[in-house]
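Using mature numbering (1 follows the signal peptide of the UniProt record, and there is no 0), the letters of the sequence shown map in sequence onto residues -40 to -1, 1 to 337.
Worksheet: the structure to be examined is printed underneath.
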Amino acid sequence: MRSDLRVRTGRLRAGWRAAPALLLFACAALLALPALPAHADDPAVLGQQGGQLRFRDDAGREITLPVPLRRVVVFNRYTTEFVRAVGGMPAVVGVDIDSARGKEYWPTVTPGMLAGQGQSSPNYEAIVAMRPEVVFFPRNSDWQKAAEVLGRFHITVVVLTAWDVLKHEQNVELLGRLFGQPQRAARLNAFYRGYRDLLAQRLRGVARRRVYIEEVGNYKTLLKGSGWHDMVELGGGQNVFGDVEIAGQSSARGTVQGFSVDPEEVIARRPDLIVKLEPGQYLPHPRAFSEQVLKGIAARPGFVSLPAVRSGQVYHISYYLAGGCSKIIGALQIAKWLYPERFADVDPEQAMKVWLEQFQDVPAPGGYSVSLAELRK
């Protein structure tokens, strides 16, 4: 067992009483808020004058563009969701495969809008034929090469990382400015802040409980810097592998987005809650599939002794709910699981319903998570 992979745990404080007032479900009021003024200290937006927006992207590059944008290509589903949320989809002429293959979730996307298989494999010929002004890439893509190739055709690459929980408001405000929709961006940020602030208030002083989060691959966890780590922390959890620094680790173990751990390491950290992420899909996973996933985790050698397995707090959750609105809905769900007495009046599925119906303009099917405790009833 690696000594550098140890973490300290605390004891849960008792005696807290849940706040009586419902603070979350005034969604209509949030959506009716007027546009918020630009933050003077916002590091993204630097100035706007004469139809030109000057800003700093996620790679630290200063860029000036005419706004509103009329033709764009977007890589990464989270960025495309933000563009849709601020009313920018009419300008989208190209997307990656993740947004091109989900007709139920992306009804306005056509096969001819496919701009590449993913953020690391853009189809430059297709992109150039689409004649965009701008192509959006997240920072964990090969944006440098894209900027070099597309720059020859006077196409600007903008690095914007919508999966970064900590940059939600900055990203949304910037997109609102770029697409000429500052009011819609302000309403989305008000929606997000309502949940973020409520989480901070109700989790103040909590002794954090231990969470093991695993992506699709078995024993593939998420580290600090992945966004999923921040979701766990925002939800009042302590990522049991949050102390692992990727620098100095063998590249064979993966990245912050999927780092291989030994089963013994998971058992030694004794998580109170296990979250298993599965492939992102708009429609919920079939119940039989969730049961198979959960029973498989519970049957892993040595897992029967874990607090999470003994209490039934093992959850199979779709990436769609976990990642909704900069993962704030996933953070709400984790908080509800960890501290049900503090969040008795909070319904993460209701928050997801607002995100899907009012910001993504699609129906909310619900049923995005299943627990081991449910299977035992």
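The C-beta atom is built at its ideal place from N, Cα and C for all residues, glycine as well.
For clarity, every value in this text was computed on a predicted model and none was experimentally measured.
Check, Outcome
"Using 8 Å as the Cβ pair cut-off and three pairs as the minimum, do the stretch 86 to 94 and the stretch 69 to 78 touch?", "yes"
"Can you find at least 3 beta carbon pairs, one from the stretch 116 to 123 and one from the stretch 14 to 21, that sit closer than 8 Å?", "yes"
"Touching or not, the stretch 171 to 183 and the stretch 197 to 205, by the rule of three or more beta carbon pairs under 8 Å?", "yes"
"For the structure I just gave you, are there three or more beta carbon pairs, one from the stretch 290 to 297 and one from the stretch 203 to 211, closer than 8 Å?", "no"
"Whole angstroms is fine: what's the gap from D58's alpha carbon to V94's?", "19 Å"
"Comparing alpha-carbon positions, which option in G283, G327, E301, V34 lies nearest W123?", "G283"
"What is the C-beta distance between G48 and L135, in whole angstroms, given that I count them as a contact (C-beta under 8 Å)?", "7 Å"
"Taking DSSP as the reference, what is the three-state secondary structure of I206?", "coil"
"Does the stretch 316 to 324 come within contact of the stretch 254 to 271, defined as at least 3 CB pairs closer than 8 Å?", "no"
"What would DSSP say about A(-3), mapped onto helix, strand or coil?", "With a pLDDT of only 37 at A(-3), under the threshold of 50, the placement of this residue in the model should not be trusted; the figure read from the coordinates follows. Coil."
"Please classify F15: is it buried, with 16 or more other beta-carbons within 10 angstroms of its beta-carbon, or exposed?", "buried"
"Mapping DSSP to helix, strand and coil, what is L(-19)?", "Note that L(-19) has pLDDT 39, beneath the 50 cutoff, so the model's placement of it is unreliable and the number below is only indicative. In the structure shown, L(-19) sits in coil (DSSP, three-state: anything other than H, G, I, E or B)."
"If you draw a straight line from the alpha carbon of K337 to that of Q241, how long is it in whole angstroms?", "27 Å"
"I need the straight-line Cα distance from P300 to E309, nearest angstrom please.", "15 Å"
"Out of Y65, P28, M191, V27, which one is the CA nearest neighbour of T40?", "Y65"
"Are the CB atoms of G154 and K287 nearer to each other than 8 Å?", "no"
"In whole angstroms, what is the alpha-carbon distance linking W103 and R144?", "28 Å"
"Residue range of the beta strand (DSSP E) that F96 falls in?", "94 to 97"
"Taking the alpha carbon of Y280 as the point to measure from, which residue in G272, G78, K236 has its own alpha carbon closest?", "K236"
"Near V79, what residues of its chain come up, given a Cβ to Cβ distance below 7 Å and the 5 sequence neighbours on each side ignored?", "The amino acid at residue 79 is misidentified as Val; the sequence shows Gln. Correct list, in chain order: F35, N36, D56, F97, P98, S101."
"Pick from E251, L13, V43: whose alpha carbon is nearest that of C285?", "V43"
"Quick check: what's the CA-CA separation for L266 versus H245?", "26 Å"
"Skipping 5 residues on each side, what residues in its chain have a beta carbon closer than 7 Å to that of Q141?", "V46, G47, G48"
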